[in-house]
Structures are given as structure tokens and as C-alpha cells.
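In full-length UniProt numbering, the protein residues as written are 1 to 164.
For every residue, glycine included, the Cβ atom is placed at its ideal position computed from N, Cα and C.
All of these numbers come straight from a predicted model, not from anything done at the bench.
Report on the structure given below.
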């Protein structure tokens with residue numbers, strides 16, 4: 001549950017994730033080419049790698065990368081020194097711009113799950129009262145513990161369904 005709550009914490013977590021993914025991808029593409037900046041072709045490959053990483057790490061639906069035209073436009077807007085290439089700092093800003101909606105979608109989904117799941121848990125606890133054997137055991141579990149367990153099961157189920 002701690003990992004789930006960490007993901008909802010907001011800007012700090014988001015910034016750490018973007019910085020980590022951006023640095024990893026920038027270094028990977030840069031080492032493959034031996035250059036210090038990224039050209040459009042290298043940037044396009046980097047964007048595909050970033051979205052691949054995001055789809056592996058973040059809960060929620062699969063996120064498609066922007067089109068080549070969108071990347072070209074955003075590259076021009078992110079290229080502060082106007083050299084036609086992106087350095088590390090420009091690349092991180094570029095990644096922040098293209099992933100802004102992705103993190104918003106993930107946060108909304110987690111908040112909704114964490115708000116709805118405990119309510120569902122308490123409703124299901126009441127319905128188990130009349131089930132022989134199970135009802136007595138479930139009723140002995142404190143509401144807060146039961147709600148946490150059901151929330152964890154729902155989140156695990158969502159993540160399992162997304163991987164399928």
C-alpha cells in the first residue's frame with residue numbers, strides 16, 4: 001500500500017520518475033551514437049524508449065507516444081539554443097511536456113481506486129455476514145484492515161489485468 005500511496009504523492013514523485021527515465025534514456029541513446037546532443041531521429045527513438053519505460057512502470061492503460069509531427073513541433077519549441085538538437089536539459093523539459101497528460105491520467109486512476117475501494121470493501125464485509133464459516137471470520141477483522149486488504153486486492157487485480 002505504501003508504494004501505491006507514494007505514487008499519488010504528486011509532483012516530487014513525478015519529477016523523480018521523469019528525471020530518472022529521461023537520464024537513463026538520454027545516456028542510452030547518447031552512448032549508442034557517441035554524440036552529446038540528440039538529433040530528431042535520435043529523439044524519436046528516445047521518445048519510443050521513454051514510452052516503453054512508462055508503460056512498464058506506471059499502472060493504468062497503455063500510453064501511445066506522440067506522432068513524428070508532434071515530436072518535431074515540440075522539439076523546435078524545446079530547443080532553447082536553436083541548434084536543431086536537444087541537450088540533456090532540453091531533453092528533460094521535452095519529456096516533461098510530452099508526459100504531462102500521462103501522469104495526470106495515472107494519478108486520477110489511482111485516486112479513484114483508493115477512494116472507491118474502501119467503500120466497496122465495507123459493503124462487501126456486510127454482505128458476508130450471512131455466509132456460513134466465512135462471515136464470522138470476516139466480521140472479526142477490523143474495518144480498517146479489511147478495507148486495506150480489499151484495496152490491495154483490487155489494485156493487484158487492475159495491474160494484472162493491464163499486463164494481460
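Would residue i and residue j be called neighbours here (beta carbons separated by less than 8 Å)?
{"i": "residue 135", "j": "residue 124", "result": "no"}
{"i": "residue 74", "j": "residue 96", "result": "no"}
{"i": "residue 65", "j": "residue 86", "result": "no"}
{"i": "residue 146", "j": "residue 138", "result": "yes"}
{"i": "residue 153", "j": "residue 120", "result": "no"}
{"i": "residue 25", "j": "residue 50", "result": "yes"}
{"i": "residue 99", "j": "residue 54", "result": "yes"}
{"i": "residue 92", "j": "residue 18", "result": "yes"}
{"i": "residue 94", "j": "residue 72", "result": "no"}
{"i": "residue 30", "j": "residue 36", "result": "yes"}
Look up residue i in the DSSP assignment and say whether it is helix, strand or coil.
{"i": "residue 74", "result": "helix"}
{"i": "residue 82", "result": "coil"}
{"i": "residue 133", "result": "coil"}
{"i": "residue 141", "result": "coil"}
{"i": "residue 66", "result": "coil"}
Considering only DSSP beta bridges, list what residue i is partnered with.
{"i": "residue 38", "result": "86"}
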